[in-house]
DNA sequence: TCATTTGCTACATTTTTGATAGCAAAACTA
DNA sequence: TAGTTTTGCTATCAAAAATGTAGCAAATGA
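Right, here's the structure in full:
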């Protein structure tokens, strides 16, 4: 699975539009979860493993590799950390948290949930 | 693969926090791409297939099913459309588009790209 | 009525992910 | 400084998810 980057064809989009590369990258298992978690502060490999309860070390490692190649994550003395780009991305993701809690979750509470 | 919903344990998070359910849902192949595309207007199944160049009808169908169960997409006479929730979500996703284009893509242009 | 189009299922193959074991290097500890 | 932990990560195999292709039944159009 090759790392999606802007300007390169990615899963399902040959145009290489940056947003498509980003959606491909973030659409892989745990990618957003890792970014989400790292915003709290640096984490070691094992801490990330614990956080992502069911991730395998293989997947965690490839995902970290992709995020590094895409300049969202890097290593520091304290462990893995978000880069500046990573933090910016988190800040774009962040509003989804409150929306999910305050708006989206409500839509499941209506009585007689269809389907 | 069961549909992630707020309040239910999802891939790697037993707490059922809405954001975790959302990240699980959106982290599946093509989920964000479908939302992204549908914001342009209603699409038929075949149009979505064309848009997501390499998606298989099987996957498209399950993904649409999940998005419907989660109140982001519904069917209309004109085809599949975003619900109000779906449009709200798109609007949260939208800033990622310009960030990817104007900020993130730049990070790949530096001379001597490492790695 | 006959040909298209549409939404979707079936099924075999490939790709991705998970689970588990475990190793080499670094960091403690006694 | 020898022994124990911890840490980052690889290897391997099984399970799950996605793809590719064919094709069918219902709706639409000519």
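Protein chains in written order, with the numbering used here: chain D, 975 to 1089; chain S, 975 to 1089.
Cβ atoms here follow ideal geometry from the backbone N, Cα and C, with glycine treated the same way.
What's the C-alpha gap between residue i and residue j?
i, j, result
"residue 1070 of chain S", "residue 1000 of chain D", "11 Å"
"residue 1054 of chain D", "residue 1047 of chain D", "7 Å"
"residue 1043 of chain D", "residue 1030 of chain S", "28 Å"
"residue 979 of chain D", "residue 997 of chain D", "10 Å"
"residue 1075 of chain S", "residue 1028 of chain D", "33 Å"
"residue 1073 of chain D", "residue 1015 of chain D", "23 Å"
"residue 993 of chain S", "residue 1004 of chain D", "13 Å"
"residue 1026 of chain S", "residue 1067 of chain D", "23 Å"
"residue 1089 of chain S", "residue 1057 of chain D", "Confidence at residue 1089 of chain S is low in this model, with a pLDDT of 38, below 50, so the placement of that residue should be treated as unreliable; the coordinate-derived value is given next. If I take the Cα positions, the gap works out to 16 Å."
"residue 1049 of chain D", "residue 1064 of chain D", "17 Å"
"residue 989 of chain D", "residue 995 of chain D", "10 Å"
"residue 1036 of chain D", "residue 1022 of chain D", "13 Å"
Give the DSSP-derived three-state secondary structure of residue i in the structure shown.
i, result
"residue 1002 of chain S", "coil"
"residue 1041 of chain D", "helix"
"residue 987 of chain D", "strand"
"residue 978 of chain D", "coil"
Name the residue from the options whose alpha carbon lies nearest to the alpha carbon of residue i.
i, options, result
"residue 1038 of chain D", "D:987, D:1012, D:1051 and D:1028", "D:1012"
"residue 1045 of chain D", "S:1077, S:984 and S:1036", "S:1077"
"residue 1002 of chain D", "S:1059, S:985 and S:976", "S:985"
"residue 1020 of chain S", "S:1034, S:1060 and S:975", "S:1034"
"residue 1007 of chain S", "S:991, S:1024 and S:995", "S:1024"
"residue 987 of chain S", "D:1010, D:989, D:990 and D:1060", "D:1010"
"residue 977 of chain S", "S:1022, S:1040, S:1062 and S:1052", "S:1040"
"residue 1017 of chain D", "D:1063, D:981 and D:1052", "D:1052"
"residue 1059 of chain D", "S:1065, S:1064, S:1080 and S:1060", "S:1080"
Is residue i near the ligand MN, judged by its Cβ being under 7 Å from some heavy atom?
i, result
"residue 1027 of chain D", "Questions concerning the ligand MN fall outside what the structure shown contains, since it holds no ligand whatsoever."
Tell me the DSSP bridge mates of residue i?
i, result
"residue 1048 of chain D", "D:1055"
"residue 1028 of chain S", "Residue 1028 of chain S is not bridged to any residue."
"residue 1072 of chain D", "DSSP, once it has assigned bridges, lists no residue as partnering residue 1072 of chain D."
"residue 1017 of chain D", "D:1054"
Practice item. For the stretch 1030-1050 of chain D, enumerate the residues whose C-beta is nearer than 7 Å to any C-beta of chain S, in chain order. Key: The stretch 1030-1050 of chain D vs chain S, Cβ under 7 Å: 1043 and 1045.
Check your understanding: In the stretch 992-1021 of chain S, which residues sit with their C-beta less than 9 Å from some C-beta in chain D, listed in chain order?
Key -> Interface annotation for the stretch 992-1021 of chain S against chain D: 992, 993, 994, 995, 996, 997, 998, 1000, 1001, 1002, 1003, 1004, 1005, 1006, 1007 and 1010, criterion Cβ-Cβ distance under 9 Å.
Exercise for review: Report the residues of the stretch 1070-1083 of chain D with a CB closer than 7 Å to any CB of chain S, ordered along the chain.
Suggested key: 1070, 1071, 1073, 1074, 1075, 1077, 1078, 1079, 1081 and 1082
Check your understanding: Taking a cut of 8 Å between CB atoms, which residues from the stretch 975-987 of chain D lie near chain S?
Key -> Cβ contacts with chain S: 979, 980, 981, 985, 986 and 987.
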